[in-house]
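Novice: I am attaching a structure below and will ask some questions about it afterwards.
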Amino acid sequence: MAARRPAWVVLEDGLTLEARAVAAEGTALGEMVFTTSMTGYQEAVTDPSYMGQILTFAAPMVGNYGAGPGYSESDRVRTEAVIMARSGDRGGAAGPTGWNTWLAQAGVVAVEDVDTRRLVTHLRDRGAMRGGVSTELDPEALLERVQAHPGLDGQDLAAAAAGPRRSAGVDGPRIAAIDCGIKDSIVARMAGAGCRLEIFPPDATVDDILSVDPAALFCSNGPGDPAAAGHVISVIESVLGQIPVFGICMGHQLLARALGMGTERLPFGHRGANHPVRRVEDDRVEITVQNHGYAVSSSPLPDGVEITRTSLFDGSVEGIRAPELRAWSVQYHPEARPGPNDAAYTFRAFVEEVS
Amino acid sequence: MPRRTDISTILVLGSGPIVIGQAGEFDYSGTQACQALRDEGYRVVLVNSNPATIMTDPGVADRTYVEPLDPETVRAVIERERPDALLPTLGGQTALNLAMSLHESGVLEEYGVELIGARADAIRTAEDREEFKRAMVDAGLNVLEAHTVTTVDDAQEAARKLGFPVILRPAFTLGGEGGGVATDAAELQVMAANAISASPIDQVLIERSVTGWGEFELEVIRDRNDNAIIICSIENLDPMGVHTGDSVTVAPAMTLTDDELQAMRDAAITVIRAVGVETGGSNVQFAFNRDTRELVVIEMNPRVSRSSALASKATGFPIARVAARLAVGYTLDELPNEITQVTPASFEPSLDYVAVKVPRFAFEKLDGTTGKLSTYMQSVGEVLAMGQTFAEAYGKAMGGQELDVPFRQPADLAEALERLREPNADRWQLIGWAVENGATAEELAEATEVHPWFCREMVALGQALGSVGTDLAALDADDLRGARRAGLTDGDIARATGTDELAVWTARRAAGGRPRLQAVDTCAGGFRARTPYFYAGVATSGEPDPAADRRSVIVLGSGPNRIGQGVEFDYCCVHAALSARELGYTSVMVNCNPETVSTDHGVSDRLYMEPLTLGSVLDICEREKPLGVITSLGGQTPLRLARGLEAAGVPLLGTSAESIELAEDRERFAALASSLGLEAPPWAIAHSEDEARAAARDVGFPVLVRPSFVLGGRAMAIIFTQDDLDRYLDLERPRWPLLIDSFLENAVELDDEAMEAYLGGDEPAEAVIKKCLRKAVLTNYAHASMRQRCECFGIDAFFDKSLHLNQLIDYVVDAAQQKSGT
């Protein structure tokens, strides 16, 4: 690896932080977000939900155990850039490749030596905003680029995030899945719970989906503004009542909109592996993995829809159910990776429900 | 679920005297528990035999019995107080074993006392090695192959099946006491007999050895609604084979992938459910083979443990306070997170810093010990430090140990690496030496079985030290900041450049390299913290400085426990902080000992988890601009800083540096005594070996020799002959000057407590002092022996025989007035 070069992190409100480049050269723009998850850095940056975003790790040291196959959540790095306090570049349990080297090979702009706590508390206090990381521009030029960047609101990124039409799993009920940027672990957990997945890109039509005679429709996680994903919402609307519908994260938001609920921007998003969620049915708490900047609004609550999960951090909606339509969804990530497995039962419950 | 209303009086058991493996952390957890239960409106009855604790202070419990922690006494307390419930999980192994004994003898049933926190069957499952293994296997978890034995012959038979080496783990013991690693049949023969007698039920587990595997711990909390959360993951740098209390540990775990960590998390929650700990905290230990990825459960404590205290301090999550509330029926989602006050307790702390704990050993005080580490705990204290990198936290923690004996330097690198093969108390100093002398990370990893990631960190630390050079003046702001960020302390830089800490601190300050306050907020900055719990870090930003209103009083704590400096100093510091707050000042605590009440963030208005080194304390003073600093209540640790603080212009409250020196400098104190006309044994001061020999001859054998500024009699000795003196000088190489007293044989030793009051009250100062003194003499233990123990020297006898109480008081008053600078 070449010597670390100076770089800059700039936010749209002018906050400027010094940095050192540890991977690819260049300039990256996007929405600034942070995660408080302490492990699973490779899983995080390959999560398609992070498209359009620059990810800051609050964890003090990132990259301690190397990188390698088997730890990615999709075929490539999805974050626009990566910001860290301290990053490592040695092989370890995840593989012989150093983390910085792995990022460089992926062509990702990544920086360290950043006062990440300052960045995190800034975003916490002032809310989500656009930002940039550059190894080539001075702060003034970078700020101009940041302010010209369109941001996430109104962006439909599902098509860009999704993979091709494909299948997964061998036996069990056939599930049609709309891929808005599905994480590999969701596919693996679904298949592991015993279903056959027919995965469609987000521009699939109702006919495409019904042509495989699915026992249920699943709508995946993904990046961007749920309000902009009109086509997927209309597909869900069409099948609601015909077959059960289940959604995770973005899929949850799209189901909610199809049911007539609203979505809204959270002040600074939920991103981490320690989010407690209360289950309405038994008043139990599960520690969940979250990665979302938008949430389902709790009102208006249409007839026939129940809130089944709430965040113990801010009371926001974490799960809904429409029993008569056999539709339900969760905002958090039961597939974990990275994070606790408390909600892993969700996949088995889903398969039982639709079998 | 709200709190239980079917119980009203709760009996809490303390942990008794301080022993290795059970120190002030149980005063911390017990005090938190008593306060939490009283806050909830319960009547708390406490039994603890250790009066040098905060928990036995008036006002902590409703009724406090300073009585022996034995079944008969506690039965009598139960008979009298009729508690509805007994909370046994916050007083260490002592309380747990006592509760089990009361359960087994039927006392609890007889008086209708319910065990809360952990029921008897859960305690038995966790503590009985065989039942524990069975429960783990039933729950689908891996355990080490092992055999439970009750005789030495069976132990040999078990070892033959497993193959040597084998680990011995006696049931129901504390800190692995009586256990160890046996490498052959002869060793096992002796060790098995010891282990069997160490176990209260004569039961020992002979276990397959996984020495060299990685060792990890998870702190789990569960509530009665079966919610379970992990407070903290802790990675031991020392691999399996060294007791976790003797290991350098780091939180969060540094080298685990997310998959590995989650597998451990799932297993830990399975363990607490399988054992059946209904509510409260437990510590689950794992061994992890890095090559085969094999994960095995080693053991669990069904109670708050030393590791729980560490996890509480490392994360800011008050495990004991939460555990006490869970025991009376609350659930985790009902309790607020004290630090953020906006989030519930049912979350898992997220760290944006690294916390490192290093053990403090005291083998230098124990003749005939080698410092060899094993599966039973031998350290007497610990230091916790935080940093924004592992190296920064590690460097700070090592610097906070206050090691006062130089370690044995190896002749060359080969010797160092050879010595590193066997874990020893000096291994981390030795690693530092080896790195400075060219050892590679691979060599270190091979010799020590410490994970290569940490070995590389050690090498980087050594390289940073090497790049500091020998000239302090040549270091610019970037160099100094870089050195700090690399993990070097002011002390390290001072040693490298042949200067002192004050010089380095001054240079760093001139270069603008002041560390910033960083908050310990349990949530990695995700929410605004309300509780001011801080460490210092080298980031470019930090929490805003406190208001410079000169209303804060900084209390310097006592650092790591060691022999002669234990929780009693913490007791004083806690009271100082509480009193300062009562008087309307902002109380600020600085300490690095996680086993204490003083490092509970509820005790002071602001808590700094920082080593008690001059640079760290000066940095805090720069931020706080305090009214003054109290150095006189934390034992020798803060006293040693007094001069430097004064030199840097920091106002000291209470005893001045001058007065401290007058008392601690043996020469000056002796001169004071004679100027006051006080009788003292013949004495002399020696500045060299020759002077010492001459002085001893003049004073006349036997003599008592002691250096200045020492703690608990370190390097102090009674010497009877010239030969003994030569041997002492040769072995101890004491710091000069040395005070040589005539040793008074068959004399009685008396301690007096004097205090100085400000003049100006209604009573003359002398009267106040005399009143205090009378009380002190009456209440203080007043017997000790010199050569032969005085048998049964009761208080009445003391009054008869001491005769000169009033004369004694006059002496002390006089001395106090002379000594006091104010």
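Chains as they are written, first to last, in our numbering: chain Y, 1 to 355; chain S, 1 to 822. In this text, a Cβ means the ideal position worked out from N, Cα and C, and glycines have one as well. Source: prediction; values computed, not measured.
Considering only the beta carbon of each residue, do PRO546/S and ASP619/S sit closer than 7 Å?
Specialist: No, these two residues do not count as a Cβ contact at 7 Å.
Novice: Alpha carbon to alpha carbon, how far is VAL111/Y from PRO410/S? Give it in angstroms, no decimals.
Specialist: Those two C-alpha atoms are separated by around 41 Å.
Novice: For ALA486/S, which option in LEU465/S, ILE229/S, PRO611/S, ALA577/S has the closest C-alpha, if you only look at C-alpha atoms?
Specialist: Of the listed residues, the one whose Cα sits closest to ALA486/S is LEU465/S.
Novice: Give the interface partners of LEU332/S over in chain Y, defined as CB-CB distance under 7 Å, in chain order.
Specialist: Going along chain Y in sequence order, the residues near LEU332/S (Cβ under 7 Å) are VAL285.
Novice: Just mark HIS451/S as buried or exposed, buried being the case when its beta carbon has 16 or more other beta carbons within 10 Å.
Specialist: Label assigned to HIS451/S: buried.
Novice: Spell out the partners DSSP gives LYS357/S in its beta bridges.
Specialist: LYS357/S pairs with THR249/S, LEU384/S.
Novice: Just checking: is the beta-carbon of ILE258/S within a distance shorter than 7 Å of some beta-carbon in chain Y?
Specialist: Per the sequence shown, the amino acid found at residue 258/S is Asp instead of Ile. Cβ-Cβ to chain Y under 7 Å: yes for ASP258/S.
Novice: Does ASN100/Y come within less than 7 Å of chain S when only Cβ atoms are used?
Specialist: Judged by the 7 Å Cβ criterion, ASN100/Y is not in contact with chain S.
Novice: Can you list, in chain order, the residues of the region 27-60 of chain Y whose Cβ is nearer than 7 Å to any Cβ on chain S?
Specialist: Answer in chain order: THR36, MET38, THR39, GLY40, GLU43, ALA58, ALA59, PRO60.
Novice: What does the Cβ neighbour count give for PHE218/Y, buried or exposed, with the cut at 16 atoms within 10 Å?
Specialist: Its Cβ being crowded by 16 or more others within 10 Å, PHE218/Y is buried.
Novice: Using a threshold of 7 Å, state whether the C-beta atoms of ALA135/S and THR150/S are closer than that.
Specialist: No, they are not a contact pair.
Novice: In the DSSP assignment, the alpha helix (DSSP H) including ASN100/Y goes from what residue to what residue?
Specialist: Counting along the chain, the alpha helix (DSSP H) containing ASN100/Y begins and ends at 99-105.
Novice: Specify the secondary structure class of CYS592/S as computed by DSSP and reduced to three states.
Specialist: Looking at CYS592/S - three-state DSSP - the assignment turns out to be coil, as it is neither helix nor strand.
Novice: Return the residue from the list ASP184/Y, GLN105/Y, ILE236/Y, LEU137/Y that minimises the CA-CA distance to GLU335/Y.
Specialist: Cα-wise, what sits closest to GLU335/Y is ASP184/Y.
Novice: If you measure between the beta carbons of GLY644/S and LEU502/S, is that distance less than 7 Å?
Specialist: It is a contact, given that the beta carbons lie within the stated cut-off.
Novice: Scan the region 384-398 of chain S for residues whose Cβ lies nearer than 7 Å to a Cβ of chain Y and list them as they occur along the chain.
Specialist: So the list reads GLN388, THR389, PHE390, given in the order they occur along the chain.
Novice: Can you pull the chain B neighbours of SER346/S, defined as C-beta to C-beta under 9 Å?
Specialist: Included in the structure are the protein chains Y and S, with no chain B among them.
Novice: Starting from THR64/S, trace the alpha helix (DSSP H) in both directions and tell me its first and last residue.
Specialist: From DSSP, THR64/S is part of no alpha helix (DSSP H) but of the beta strand (DSSP E) over 63-65.
Novice: Of the residues that make up the region 503-515 of chain S, which ones have a beta carbon closer than 7 Å to any beta carbon in chain Y?
Specialist: Listed by position, the residues of the region 503-515 of chain S near chain Y (Cβ gap below 7 Å) amount to none.
Novice: Which runs of the alpha helix (DSSP H) spanning at least 4 residues fall entirely within the region 470-506 of chain S, listed in chain order?
Specialist: Those alpha helix (DSSP H) runs which fall completely within the region 470-506 of chain S and span 4+ residues are 477-485, 490-497.
Novice: Suppose the cutoff is 8 Å on Cβ atoms and the five residues either side in sequence are ignored; what does the same chain contact list for THR16/Y look like?
Specialist: Correct list, in chain order: TRP8, VAL9, VAL10, PRO139, LEU143.
Novice: In its own chain, which residues sit with a C-beta less than 8 Å from the C-beta of GLU40/S, not counting the 5 before and 5 after it?
Specialist: If we look at GLU40/S and ignore the five residues flanking it on each side, its Cβ neighbours are ARG3, ARG325, VAL328.
Novice: TYR353/S versus chain Y: which residues are under 8 Å apart at the beta carbon?
Specialist: Within 8 Å Cβ-Cβ: PRO60.
Novice: Give me, in chain order, the residues of the same chain whose beta-carbon lies closer than 7 Å to that of VAL66/S; leave out the 5 immediate sequence neighbours on both sides.
Specialist: Correct list, in chain order: ASN48, SER49, PRO51, THR56.
Novice: Within 6 Å: the Cβ of ALA159/S and any heavy atom of the ligand PLP?
Specialist: Of ligands this structure carries none, so the ligand PLP is not represented either.
Novice: Which residues in the same chain as SER29/S place their Cβ atom closer than 6 Å to its Cβ, once the five residues preceding and following it in sequence are excluded?
Specialist: Counting only Cβ-Cβ distances below 6 Å, and skipping sequence neighbours, we find LEU90, VAL304, ALA320.
Novice: Anyone know if the C-beta pair for THR308/Y and VAL280/Y falls short of 7 Å?
Specialist: Yes, the pair counts as a contact, with Cβ atoms nearer than the cut-off.
Novice: Where are the alpha helix (DSSP H) runs, 4 residues long or more, that stay fully inside the region 54-91 of chain S, in chain order?
Specialist: Taking only runs of at least 4 residues, the alpha helix (DSSP H) segments lying wholly in the region 54-91 of chain S are 71-81.
Novice: Expressed to the nearest angstrom, what Euclidean distance is found between the alpha-carbon atoms of ARG789/S and GLU79/S?
Specialist: Confidence at ARG789/S is low in this model, with a pLDDT of 27, below 50, so the placement of that residue should be treated as unreliable; the coordinate-derived value is given next. Going by the C-alpha atoms only, they are around 38 Å apart.
Novice: Counting only runs that start and end within the region 400-445 of chain S, where is the alpha helix (DSSP H) found for 4 or more residues in a row?
Specialist: The region 400-445 of chain S contains these whole alpha helix (DSSP H) runs: 413-420, 427-436.
Novice: Looking at chain S, which residues of the region 113-133 of chain Y have a Cβ within less than 8 Å of any of its Cβ atoms?
Specialist: Those residues of the region 113-133 of chain Y that come within reach of chain S (Cβ to Cβ, closer than 8 Å) are ASP115, THR116, ARG117, ARG118, VAL120, THR121, ARG124, ASP125.
Novice: Would you report the Cα separation of GLY537/S and THR489/S, rounded to the nearest angstrom?
Specialist: About 12 Å.
Novice: Tell me, to the nearest whole angstrom, how far the beta carbon of PRO239/S is from that of GLY214/S; I am working on the premise that it is less than 8 Å.
Specialist: PRO239/S to GLY214/S, Cβ: 6 Å. Contact.
Novice: Can you check which of these residues, LEU583/S, ASP570/S, ARG38/S, is closest to SER552/S by C-alpha distance?
Specialist: Closest by alpha carbon: LEU583/S.
Novice: Does DSSP classify VAL152/S as helix, strand or coil?
Specialist: Helix.
Novice: Tell me whether ALA441/S is buried or exposed, calling it buried when 16 or more other Cβ atoms sit within 10 Å of its Cβ.
Specialist: Answer is buried; the Cβ neighbour count reaches 16.
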